[in-house]
Amino acid sequence: MKNRRKNYSLEFKLKALELLEERGCSMTSLGRELGVNPDNIKRWSKEFKSGKLTAGSTIKEKSKEELEIIRLNKELADIKLEHEILKKAVSIFSRNGR
């Protein structure tokens with residue numbers, strides 16, 4: 057099983073920092089409560105203070121190749137759907153012609 061890196065939304069990060077400020081608790085205890093590594097909370101805090109914590113910081117920029125793969129997969133799915141529709145149409149029209 058692959059360990060996938062967990063991405064947290066900007067909303068979640070800001071709420072975690074808000075809880076940290078309100079409660080005055082340690083990053084370790086808050087991390088345990090939220091199921092988040094305390095190092096992440098520490099990094100979010102630094103990013104927030106330096107103005108770098110934005111919605112864009114949660115989204116990995118996709119390369120041109122990744123975008124092309126996504127586009128081609130969508131196109132393939134559309135073509136498969138069209139193909140299935142045409143197969144059904146041919147079947148229906150061939151039955152009615154008898």
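Counting in my numbering, the sequence shown runs from 57 upward without gaps.
Yeah, the Cβ is synthetic: ideal placement off N, Cα and C, and Gly gets one too.
All values reported here derive from a predicted model rather than from experimental measurement.
- Message: Taking the alpha carbon of E89 as the reference point, which residue from L76, E67 and I148 has its own alpha carbon closest?
- Response: Here residue 89 refers to the residue found at position 33 when the sequence shown is read from its first residue. L76 is the residue among L76, E67 and I148 whose C-alpha sits nearest the C-alpha of E89.
- Beta-carbon proximity check, I97 vs G107, cutoff 7 Å: Here the question's residue 97 lines up with position 41 in the sequence shown. Here the question's residue 107 lines up with position 51 in the sequence shown. No, they are not a contact pair.
- Message: Here's the rule: buried if 16 or more other CB atoms are within 10 angstroms of the residue's CB, otherwise exposed. What is K71?
- Response: For this step, residue 71 is matched to residue 15 along the sequence shown. With fewer than 16 Cβ atoms within 10 Å of its Cβ, K71 is classed as exposed.
- What residues in its chain sit with their C-beta under 6 Å from that of K120, if we drop five residues either side in the sequence? Sequence index remark: in the sequence shown, residue 120 carries index 64 (1-based). Same-chain partners within the cutoff: there are none.
- Three-state class that DSSP yields for S119 in the structure shown: Numbered from 1 along the sequence shown, position 63 holds the residue referred to as residue 119. DSSP places S119 in coil when its eight states are reduced to three.
- Task: Please report how far the alpha carbon of E138 lies from the alpha carbon of A145, in whole angstroms.
- Result: Start at 1 with the first residue of the sequence shown, and residue 138 comes out as number 82. Start at 1 with the first residue of the sequence shown, and residue 145 comes out as number 89. Cα to Cα, E138 sits roughly 10 Å from A145.
- Item | Closest Cα partner of E74 within the set D134, F104 and A133 | Along the sequence shown, read from residue 1 onward, the residue named residue 74 stands at position 18. Minimum Cα distance to E74 is reached at F104.
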